[in-house]
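A.B. asks: Here it is, the structure, as structure tokens.
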Amino acid sequence: MKLSPLSIAISSFIALNSQVTLAEESANSGIEIITITAPKLIYSETALAEGNLVMPDVADWLKTVPGANINKNGPITGIAQYRGMYGDRVAKSISGHQIISAGPNAMDAPLTYINPIMVESVSVYRGIAPVTSGMDSIGGAVEVKLKRAMPSSEFELSGDFATSYNSINQASTFAGDINIAANDIAMLAYFSDQQGDDYEDALGNTIKSTQYDKQQSGIDIRFEGNNFEIGSTWHHSTTKNSGTPALPMDIDYIKSDRFNVDGSWQGSKWTVDWQLGYQDATHGMDNFSQRINMMNKMHRYNTAIATTVDYKVMLSNDDWQIGIEGFNADHDSTITNPNNMMFEVLNFNDVKDQRDSVFVQWSPQYDSTQYGNQSYSIGLRIKQNRADANNVSSSMAMMMPAVKALQTKFNQQDKSVSDTTFDLALNSQIELSNALTINYGLGVKQRTASYQERYLWLPMQATGGLADGKTYVGNVNLSPETAYQADLGLSYTDDGFSIAPRIFYQKINDYIQGTPTSDMQVNMVANRMGSENPLQFSNIDATIYGMDLNWDYRLTQQVKLSGVASYVRGTRDDINDDLYRMSPLNSRVNIYYQRDNWQTNLSLHAYAKQNKVSQLNTETATGGYALIDWQADYFVSSGLVIRAGVNNLLNKQYSDHLAGVNRAKGSDIAVGDRINGMGRNIYLAVDYQF
Numbered sequence: 001m002k003l004s005p006l007s008i009a010i011s012s013f014i015a016l017n018s019q020v021t022l023a024e025e026s027a028n029s030g031i032e033i034i035t036i037t038a039p040k041l042i043y044s045e046t047a048l049a050e051g052n053l054v055m056p057d058v059a060d061w062l063k064t065v066p067g068a069n070i071n072k073n074g075p076i077t078g079i080a081q082y083r084g085m086y087g088d089r090v091a092k093s094i095s096g097h098q099i100i101s102a103g104p105n106a107m108d109a110p111l112t113y114i115n116p117i118m119v120e121s122v123s124v125y126r127g128i129a130p131v132t133s134g135m136d137s138i139g140g141a142v143e144v145k146l147k148r149a150m151p152s153s154e155f156e157l158s159g160d161f162a163t164s165y166n167s168i169n170q171a172s173t174f175a176g177d178i179n180i181a182a183n184d185i186a187m188l189a190y191f192s193d194q195q196g197d198d199y200e201d202a203l204g205n206t207i208k209s210t211q212y213d214k215q216q217s218g219i220d221i222r223f224e225g226n227n228f229e230i231g232s233t234w235h236h237s238t239t240k241n242s243g244t245p246a247l248p249m250d251i252d253y254i255k256s257d258r259f260n261v262d263g264s265w266q267g268s269k270w271t272v273d274w275q276l277g278y279q280d281a282t283h284g285m286d287n288f289s290q291r292i293n294m295m296n297k298m299h300r301y302n303t304a305i306a307t308t309v310d311y312k313v314m315l316s317n318d319d320w321q322i323g324i325e326g327f328n329a330d331h332d333s334t335i336t337n338p339n340n341m342m343f344e345v346l347n348f349n350d351v352k353d354q355r356d357s358v359f360v361q362w363s364p365q366y367d368s369t370q371y372g373n374q375s376y377s378i379g380l381r382i383k384q385n386r387a388d389a390n391n392v393s394s395s396m397a398m399m400m401p402a403v404k405a406l407q408t409k410f411n412q413q414d415k416s417v418s419d420t421t422f423d424l425a426l427n428s429q430i431e432l433s434n435a436l437t438i439n440y441g442l443g444v445k446q447r448t449a450s451y452q453e454r455y456l457w458l459p460m461q462a463t464g465g466l467a468d469g470k471t472y473v474g475n476v477n478l479s480p481e482t483a484y485q486a487d488l489g490l491s492y493t494d495d496g497f498s499i500a501p502r503i504f505y506q507k508i509n510d511y512i513q514g515t516p517t518s519d520m521q522v523n524m525v526a527n528r529m530g531s532e533n534p535l536q537f538s539n540i541d542a543t544i545y546g547m548d549l550n551w552d553y554r555l556t557q558q559v560k561l562s563g564v565a566s567y568v569r570g571t572r573d574d575i576n577d578d579l580y581r582m583s584p585l586n587s588r589v590n591i592y593y594q595r596d597n598w599q600t601n602l603s604l605h606a607y608a609k610q611n612k613v614s615q616l617n618t619e620t621a622t623g624g625y626a627l628i629d630w631q632a633d634y635f636v637s638s639g640l641v642i643r644a645g646v647n648n649l650l651n652k653q654y655s656d657h658l659a660g661v662n663r664a665k666g667s668d669i670a671v672g673d674r675i676n677g678m679g680r681n682i683y684l685a686v687d688y689q690f
């Protein structure tokens, strides 16, 4: 858990200069980036975006960004959502690398592989993400920058050690990193241990399958020359006995190793950046060890294995960014019953998911005296997407003709797929005055289907974390999604006050969504397994629109107000229904006060009721609520800070709409009920940096 003070970095035209920390491209390309940073120990104002100091999942940090939220299937299973799109539709870059989940239900979502103490910053591209931001950015892009070893010609030693405790679930974190540098070489080593029990809601109900146990460690070695740098990194992650109450199974274990090499070369006019990565992940999950399941014949254990190779090479100068990027992932998944050695379902067998791309982005430099205060960027990415799968099998085929028919049908069809897709994005800003700037963006983005959407042959809930309780089957012949996107906003800054509202609209052709299947064999198998009305992934048309804003106002030198607000609506165009799992209207207001060597922050989080729900997915409505959080920081010295705080100060009973419904028997809430949020949580944290 990251315990160093966190500050906001908002683009230069909406934030006070003392708070600005931006990616370089945003200053001259019309691209706005909101960055959640983790600086060294200093007095830092809590403003429009801030890291979560309590929860173990970095995905929680996204809740402070306008337009962003998370689908929370478990305490360490957060799936990024931005403006109504989530999962594979949102590009996630971890220090430039693609992280591919091993589990078919995204229990190990990409952001869960990040150790919070290693985070330098988490950036969200506001509006239409540029083509340089990732392979598939139809739903936006999140870029995580991790700490790296810091070479020095002289001997230097630095580090960060942090610990914390939460009362609501007896959760503890102990983490640290240390950097040793000399002779232009450096090594950074880190470790982290995060553990927590099941939490209680405001009424004292224990929410089953919300415990977690996670350890991470790694080493980064880096050499810096006159005009080049080269480095190598190893990350190891182990997760044990961690719950996912919104899913049909819990995490038994996840073991992952990532190896990366990267480098850069600085010429007189051009810079070359390159990287190569490899990840090997094994994931075991079950429906009986952490939740009650009295039916031995229904015990299920799923072992999933994924290996990924990714690469990226980019040439850049003041105006141009040109590059290639891609990954090649292999997936396997086998379901067994430990009480019946004869039972086996080969769910995904040697699935290949290969994606290669080439991109170019132009951000011309203008002479402001000749062309005025305007900037823009335009980019194009062309992607070649290939997928294939080997034959599948099930022991149930011997006794169930419908299973045998589905197995034969899948094995006999041509499963190889090749799609060529593209992304096109234009972003611009025009400065009308010293106080007012207009931003606009236009884009056409495409996404090809995931391997679950194509190759799920037996009706199951292995859906990349949808968590709707429905069983699905795939569709090999899915067409790529195509989104036509528009974004318009303005930024106003004057006399200590800033505000930046945005409106957006997306028309999505061939949106991939589950629809009722007419396949008799699928319906027969689903009914035999106790699941009614199975769905098949299909192409439909959809529309997503909404608005978001951020603002801040300095009352005095010591007191500041800030906040965000977000609204999104998603509808199907083919029938009168809403899209599934849309975040409700929500807002956040912070009151910050600083004096001498201490600072405090009071936050109000308000969510409206959500009754615009998917009837097809039997999604239930949720009520509105408001929560108050409070935190105080005391700086003992320049390197030591003590923090204390309370989440849900008034002990409000509530249900986060994006947390889903309970699937775990043995909890104090019934299966099918909305998962309640945490009750009042008191926490204490200490962070020492040197």
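In the numbering used here, the protein residues as written are 1 to 690.
Note that the Cβ used here is the ideal one computed from N, Cα and C, for glycine as well.
Please read these numbers as outputs of a predicted model, since none were measured by experiment.
Just mark residue 342 as buried or exposed, buried being the case when its beta carbon has 16 or more other beta carbons within 10 Å.
C.D. replies: In the sequence shown, the residue the question calls residue 342 occupies position 342. Answer is exposed; the Cβ neighbour count stays below 16.
A.B. asks: For residue 453, name the three-state secondary structure that DSSP assigns.
C.D. replies: Translated into the one-based positions of the sequence shown, residue 453 becomes position 453. Of the three classes helix, strand and coil, the one that applies to residue 453 here is helix, per DSSP.
A.B. asks: Starting from the C-beta of residue 478, find all residues in its chain whose C-beta is less than 7 Å away, skip the five residues before and the five after it, and write them out in chain order.
C.D. replies: Position 478 of the sequence shown holds residue 478. Answer for residue 478: 449, 453, 454, 512, 537, 539, listed in chain order.
A.B. asks: Beta strand (DSSP E) containing residue 341: first to last residue?
C.D. replies: Position 341 of the sequence shown holds residue 341. Note, residue 341: beta strand (DSSP E), 340-362.
A.B. asks: Determine, using beta-carbon pairs with one atom in the segment 301-313 and one in the segment 271-279, whether at least three such pairs fall under 8 Å.
C.D. replies: Judged by Cβ distances under 8 Å, the segment 301-313 makes contact with the segment 271-279, as three or more pairs qualify.
A.B. asks: My parser needs the beta strand (DSSP E) runs of 3 or more residues fully inside the segment 631-690; what are they?
C.D. replies: The segment 631-690 contains these whole beta strand (DSSP E) runs: 640-647, 681-689.
A.B. asks: Just curious, the alpha helix (DSSP H) that residue 476 is in, first and last residue?
C.D. replies: For this step, residue 476 is matched to residue 476 along the sequence shown. Looking at the DSSP string, residue 476 is not in any alpha helix (DSSP H), and its letter there is neither H nor E.
A.B. asks: Check whether the Cβ atoms of residue 283 and residue 108 lie closer than 7 Å to each other.
C.D. replies: By 1-based counting over the sequence shown, the position of residue 283 is 283. By 1-based counting over the sequence shown, the position of residue 108 is 108. Yes, the pair counts as a contact, with Cβ atoms nearer than the cut-off.
A.B. asks: Between residue 187 and the rest of its own chain, which residues show a CB-CB distance below 6 Å, the 5 nearest in sequence each way excluded?
C.D. replies: Indexing the sequence shown from 1 puts residue 187 at position 187. Around residue 187: 149, 180, 221.
A.B. asks: With a threshold of 8 Å, are at least 3 pairs of Cβ atoms found where one atom belongs to the segment 457-477 and the other to the segment 79-98?
C.D. replies: Yes, since at least three Cβ pairs between the segment 457-477 and the segment 79-98 fall closer than 8 Å, the two stretches touch.
A.B. asks: In angstroms, rounded to a whole number, what distance separates the CA positions of residue 170 and residue 164?
C.D. replies: In the sequence shown, counting from the first residue as 1, residue 170 sits at position 170. In the sequence shown, counting from the first residue as 1, residue 164 sits at position 164. Approximately 10 Å, taken between the alpha carbons.
A.B. asks: So, helix, strand or coil for residue 523, using DSSP?
C.D. replies: To locate residue 523, count along the sequence shown from 1; it is residue 523. Helix, per DSSP.
A.B. asks: Just to confirm my understanding: we take residue 74, look at its own chain, exclude 5 residues before and 5 after, and list those with CB closer than 6 Å. What are they?
C.D. replies: Here residue 74 refers to the residue found at position 74 of the sequence shown. If we look at residue 74 and ignore the five residues flanking it on each side, its Cβ neighbours are 243, 244.
A.B. asks: By the 10 Å Cβ neighbour count, where 16 or more other Cβ atoms means buried, how is residue 690 classified, buried or exposed?
C.D. replies: Your numbering for residue 690 matches position 690 in the sequence shown. Counting Cβ neighbours within 10 Å, residue 690 comes out exposed, since fewer than 16 surround it.
A.B. asks: DSSP three-state label for residue 162, please.
C.D. replies: For this step, residue 162 is matched to residue 162 along the sequence shown. Residue 162: strand per DSSP, three-state reduction.
A.B. asks: Just verifying my parser: in three-state terms, what is the DSSP assignment at residue 113?
C.D. replies: To locate residue 113, count along the sequence shown from 1; it is residue 113. Of the three classes helix, strand and coil, the one that applies to residue 113 here is helix, per DSSP.
A.B. asks: Which runs of the beta strand (DSSP E) fall wholly inside the segment 67-134 and span at least 3 residues, in chain order?
C.D. replies: With a minimum length of 3 residues, the continuous beta strand (DSSP E) runs that stay inside the segment 67-134 are 68-72, 78-82, 91-94, 119-126.
A.B. asks: If you compare alpha carbons, which of 185, 177, 33 is closest to residue 191?
C.D. replies: In the sequence shown, the residue the question calls residue 191 occupies position 191. The shortest C-alpha separation from residue 191 is found at 177.
A.B. asks: Please name the residue in 443, 438, 287, 421 whose C-alpha comes closest to that of residue 429.
C.D. replies: As a working mapping, residue 429 is identified with position 429 in the sequence shown. Measuring from the Cα of residue 429, the nearest candidate turns out to be 438.
A.B. asks: Could you give the first and the last residue of the continuous alpha helix (DSSP H) run that contains residue 406?
C.D. replies: As a position in the sequence shown, residue 406 is number 406, starting the count at 1. Start and end: 401-412.
A.B. asks: Are the CB atoms of residue 92 and residue 66 nearer to each other than 7 Å?
C.D. replies: To locate residue 92, count along the sequence shown from 1; it is residue 92. To locate residue 66, count along the sequence shown from 1; it is residue 66. Not in contact: residue 92 and residue 66 (Cβ atoms no closer than 7 Å).
A.B. asks: Using a Cβ cut-off of 7 Å (strictly closer), state whether residue 688 contacts chain C.
C.D. replies: This model lacks chain C altogether; it includes just one protein chain.
A.B. asks: By how many angstroms is the C-alpha of residue 418 removed from the C-alpha of residue 106?
C.D. replies: Counting from one through the sequence shown, the residue named residue 106 turns up at place 106. Counting from one through the sequence shown, the residue named residue 418 turns up at place 418. Distance between the alpha carbons of residue 106 and residue 418 is about 24 Å.
A.B. asks: Is the separation between the beta-carbon of residue 90 and that of residue 139 shorter than 7 Å?
C.D. replies: Here residue 90 corresponds to residue number 90 of the sequence shown, with the count starting at 1. Here residue 139 corresponds to residue number 139 of the sequence shown, with the count starting at 1. Yes.
A.B. asks: In three-state DSSP terms, what is residue 578?
C.D. replies: The sequence position of residue 578 within the sequence shown is 578, counting from 1. It is a strand residue.
A.B. asks: With three or more beta-carbon pairs closer than 8 Å as the criterion, would you say the segment 286-299 touches the segment 263-272?
C.D. replies: Touching, no, given that fewer than three Cβ pairs across the two stretches are closer than 8 Å.
A.B. asks: With a cut-off of 8 Å, do at least 3 Cβ pairs link the segment 573-591 to the segment 605-618?
C.D. replies: Short answer: they touch.
A.B. asks: Can you find at least 3 beta carbon pairs, one from the segment 642-659 and one from the segment 580-595, that sit closer than 8 Å?
C.D. replies: With a cut-off of 8 Å, the segment 580-595 and the segment 642-659 count as touching, because enough Cβ pairs lie within range.
A.B. asks: Could you tell me the distance, in whole angstroms, from the CA atom of residue 572 to the CA atom of residue 541?
C.D. replies: In the sequence shown, counting from the first residue as 1, residue 572 sits at position 572. In the sequence shown, counting from the first residue as 1, residue 541 sits at position 541. Cα to Cα, residue 572 sits roughly 6 Å from residue 541.
A.B. asks: For residue 152, which of 207, 131, 223 has the nearest alpha-carbon?
C.D. replies: Position 152 of the sequence shown, counting from 1, holds the residue named residue 152. Among 207, 131, 223, the Cα nearest to that of residue 152 belongs to 223.
A.B. asks: Exposed or buried, which one is residue 420 when buried takes at least 16 other CB atoms within 10 Å?
C.D. replies: In the sequence shown, the residue the question calls residue 420 occupies position 420. It is exposed - the Cβ of residue 420 has fewer than 16 other Cβ atoms within 10 Å.
A.B. asks: Helix or strand or just coil, what does DSSP make of residue 270?
C.D. replies: The residue labelled residue 270 in the question sits at position 270 within the sequence shown. In this structure, residue 270 counts as coil in the three-state DSSP scheme.
A.B. asks: What did DSSP end up calling residue 383 once you bin it into helix, strand or coil?
C.D. replies: Counting from 1 along the sequence shown, the entry for residue 383 is found at position 383. Residue 383: strand per DSSP, three-state reduction.
A.B. asks: If you drop the 5 nearest sequence neighbours on each side, which residues of the same chain put their C-beta closer than 7 Å to that of residue 682?
C.D. replies: Position 682 of the sequence shown, counted from the start, is the residue given in the question as residue 682. Only 167, 646 meet the Cβ criterion.
A.B. asks: Quick check on this structure: which residue in 398, 597, 102 has the alpha carbon closest to the alpha carbon of residue 255?
C.D. replies: As a working mapping, residue 255 is identified with position 255 in the sequence shown. Considering only alpha carbons, the answer is 102.
A.B. asks: On a CA-only basis, which of 320, 523, 312, 637 is nearest residue 596? Give me that one, please.
C.D. replies: As a position in the sequence shown, residue 596 is number 596, starting the count at 1. Nearest C-alpha to residue 596: 637.
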